[in-house]
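Step one of this worksheet: look at the structure below.
Number of protein chains: 2
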Amino acid sequence: MKRPTIADIARRAGVSKGAVSYALNGQPGVSEATRQRILAIAQEIGFNPNSAARALSGSTANAVGLALCRPARILGIEPFFMELISGVEAELSARSYALTLQVVADPEAEIAVYKRWWGERRVDGVFVCDLRIDDSRVPVLEELQLPAVVIGGPGHTGELACVWADDAAALGETLEYLVALGHRRIARVGGLPELLHTEIRSRAFADVCQRLGVEAITVPSDYTGEEGARATRRLLSSAQRPTAVLYDNDVMAIAGLAVAQEMGLAVPGDLSIVAWDDSALCQLTHPPLTALGRDIPAYGGHAARQLLAAIEGKKIGAYQHETAHLTPRGSTAPPR
Amino acid sequence: MKRPTIADIARRAGVSKGAVSYALNGQPGVSEATRQRILAIAQEIGFNPNSAARALSGSTANAVGLALCRPARILGIEPFFMELISGVEAELSARSYALTLQVVADPEAEIAVYKRWWGERRVDGVFVCDLRIDDSRVPVLEELQLPAVVIGGPGHTGELACVWADDAAALGETLEYLVALGHRRIARVGGLPELLHTEIRSRAFADVCQRLGVEAITVPSDYTGEEGARATRRLLSSAQRPTAVLYDNDVMAIAGLAVAQEMGLAVPGDLSIVAWDDSALCQLTHPPLTALGRDIPAYGGHAARQLLAAIEGKKIGAYQHETAHLTPRGSTAPPR
DNA sequence: GATGTTGACTGAACCGGTTGAGTACGCACA
DNA sequence: TGTGCGTACTCAACCGGTTCAGTCAACATC
């Protein structure tokens, strides 16, 4: 099946290729009557502009890239990315931009992908996830002048735009709630320590606990259920067992709940559990998990709008998304 | 920053654009010495061929598409797709093909996406997920002559290639195991009834149960935790309560486990639970779930290889992936 | 020494859009 | 009647690769 081109439309309309291009793109240079005639023909023969030809002359690929740097098992189990992607997508497809996805093994490979995408002109801009402290990807993107939006921050983003949420405030709200319930020994199972937002949360956790005068224990982990379970086992085996644990993602929280049950501790009677990121998973457990939720698709949507603006050459900065809010469910209660 | 083109390489090497193209693509027409010189220059200046130019003249986009038709919340929570994607990716990036992702609302929108991609020449082929009975996407793809690989089947794939697994055999193995444990009333919480693989499983479930002489109850559901929980509540409230339940995905199985606990039933003492799809989630619960697992990234990898072969014009058919195998864990035991 | 033959390479067309320069025409105005 | 101007176009170059038809020199063959 032959794909129609603007030359086909031009022939049928009895005009030149240029006129067709002007008509289809809403540019001046054709009369309204001719424009309508051309649009009607395009519609009739099901014309779609060849994206390669467009990219080649217009120098815009009409695509953006997302490189994900997590192993398959973790990537699959974390609902965060898919929710983010679907939010991003909604915004992109409305402007008929494509999303190019690549799974990479490490930050170096990710940098190589950015360089390749840039050289191939395959994408007009990229999203950067899992921002690290003094992230090596940032200077590379700045040098390439590839429009980019960091999902995370603030800080350490150099000149790049970012979309962020105030995790410190969310943490404060959560700890105040736990303290109000009567908890005085609160632990936190953190995410990957090298990630910036883990650092931000760790600092905020320590600060807020000090302000509230409660004991703070943070155990580093890596977002996997296995590590979350191990960390929980360690915490619950200590002499001064915490009465509440806050997990940096929902997967670890679910693993922690299972460990508590396995060790014969009642949740929430003996142990309260709070999950950061409120995916549907949190409502599947018994008891359902109290969680710190936010609208992740909307977060992705904002990021997409920022990136599209950056591609258009607009000067954009940091966008603050709504702070995560606590949804109390059955996994939190006053300690016995 | 200016991107280097083959013209730049040609100038520096003192040859024509054509010679550079031959050299870079391993085509005959240049001497080995010249080829090495050109490759060295390309390496040195960090050359990457402009993908649009390549697509325009070579008429291959070097990209494949995947349209996902599930709402954000379900998409995020199902580890299946992300695992599939990472397997697909590994294969694609080795051949420097890009993956273009699009989230769509319904099959009609998905068809529109395929038509657009075809018209725009944005992708060279597509993956088709969630095959339905008499799927309307199949004839469209056949007519467009867009290379495609169906993730699922067999049957109802028309002329399209597919990658499938023998779910009926896996189901047989599972039921024989449950019957051997002593179960005689076994229920199944199925996936979306309109999907072909749900139908295949439902038929196999009925057949095998009849063969083994056990009572079979299938309750349709939709893969979400909410529906899985509701179906479980209905099953466990009935007078003739089943002693074992098989769930069509892990998310529903986890929800089912929570419902059993909420209703005061011991798992596996009062109720055995088996999950189809063994993601890391199954090991996070207490007790950990007995599950029917398979290597989903490998499944995706096979699909990618099939699609690339189809794009190269090879005649390909159905590829049968390994049958899912049962991993017994703590959620199954003889009934009391 | 004339005649292929082969290998190494050049030049130009081509893919399908976009865009700036050029042109033809109608109309207003001095 | 000539000039100026805006509108509605056409024409051709261009983006950066790929590819086909030549060209030209070196070498083998009779």
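The listed protein sequences correspond, in order, to chains A and B.
Residues 27 to 362 (this note's numbering) are what the first sequence spells out, left to right.
Residues 27 to 362 (this note's numbering) are what the second sequence spells out, left to right.
By construction, the Cβ of each residue, glycine as well, lies at the ideal position given by its N, Cα and C atoms.
If you draw a 10 Å sphere on the C-beta of Glu136 (chain B), you find 16 or more other C-beta atoms in it, and that means buried. For Ser228 (chain B), the nearest beta carbon of chain A is not closer than 8 Å to its own beta carbon.
Residues of chain A whose Cβ lies closer than 8 Å to the Cβ of Glu241 (chain B) do not exist; the shortest such Cβ separation is about 27 Å.
Out of B:Leu157, B:Phe106, B:Arg259, B:Ser162, the CA that lies nearest to the CA of Glu225 (chain B) is found in B:Leu157.
Scanning chain A for C-beta atoms nearer than 8 Å to the C-beta of Asn51 (chain B) yields nothing, as the closest lies near 15 Å away. Below the 9 Å Cβ cutoff, chain A contributes Gly102, Met108 as neighbours of Phe107 (chain B), in chain order. Within a 10 Å sphere around the beta-carbon of Gly239 (chain B) sit fewer than 16 other beta-carbons, which makes this residue exposed.
The beta-carbon of Val129 (chain A) is placed less than 8 Å from the nearest beta-carbon of chain B. For His347 (chain A), the nearest beta carbon of chain B is not closer than 8 Å to its own beta carbon. With respect to Leu222 (chain A), Gly178 (chain A) sits close: the two C-beta atoms are nearer than 8 Å.
DSSP, reduced to helix, strand and coil, places Glu168 (chain B) within a helical segment of the structure shown. Look at the stretch 230–297 of chain A and you find these whole runs of alpha helix (DSSP H), each 4 residues long or longer: 251–263, 276–288. Under DSSP, Phe106 (chain A) shares a beta bridge with no residue. By the rule that beta-carbons nearer than 8 Å mark a contact, Leu310 (chain A) touches chain B.
In the three-state reduction of the DSSP assignment, Tyr123 (chain B) falls in the coil class. Between Ser162 (chain A) and chain B, the shortest Cβ-Cβ separation is not below 8 Å.
Contact annotation for Ala87 (chain B) against chain A: Ser77, Ala78 [CB-CB distance below 9 Å, chain order].
Against chain B, a Cβ distance below 9 Å from Arg147 (chain A) picks out Arg29, Asn74, Asn76, Ser77, Ala78, Ala79.
At a cut-off of 8 Å, the C-beta of Pro323 (chain B) has a neighbouring C-beta in chain A. Taken atom to atom, the span from the alpha-carbon of Gly339 (chain B) to that of Ile280 (chain B) is near 43 Å. By the beta-carbon neighbour count (other beta carbons within 10 angstroms, threshold 16), Arg362 (chain A) is exposed. At a cut-off of 8 Å, the C-beta of Gly217 (chain A) has no neighbouring C-beta in chain B. Boundaries of the beta strand (DSSP E) harbouring Leu352 (chain A): 351–353, taken from the DSSP string. Gln236 (chain B) is classed as exposed because its beta carbon has fewer than 16 other beta carbons within 10 Å across all chains shown.
Within the same chain, Thr349 come within 6 Å of Asp192 (chain A) by CB-CB distance, once the 5 residues on both sides are set aside. Rounded to the nearest whole angstrom, the C-alpha separation of Thr353 (chain B) and Trp302 (chain B) is 10 Å. Taking 8 Å as the cut-off, the Cβ atoms of Gly282 (chain A) and Thr258 (chain A) count as close. The alpha carbon of Arg320 (chain B) has as its nearest neighbour, out of B:Phe231, B:Phe153, B:Phe106, the alpha carbon of B:Phe106.
Rounded to the nearest whole angstrom, the CA to CA distance from Ile212 (chain A) to Pro219 (chain A) is 19 Å.
By alpha-carbon distance to Gln69 (chain B), the top candidate from B:Ala81, B:Ser57, B:Ala39 is B:Ala39.
Per DSSP, Thr316 (chain A) is one residue of the beta strand (DSSP E) stretching across 316–319.
Taking one beta carbon from each stretch, the stretch 303–313 of chain B and the stretch 84–94 of chain B have fewer than 3 pairs nearer than 8 Å; the two do not touch.
For the pair Gly113 (chain A) and Gly327 (chain A), the CB atoms are nearer than the 8 Å cut-off.
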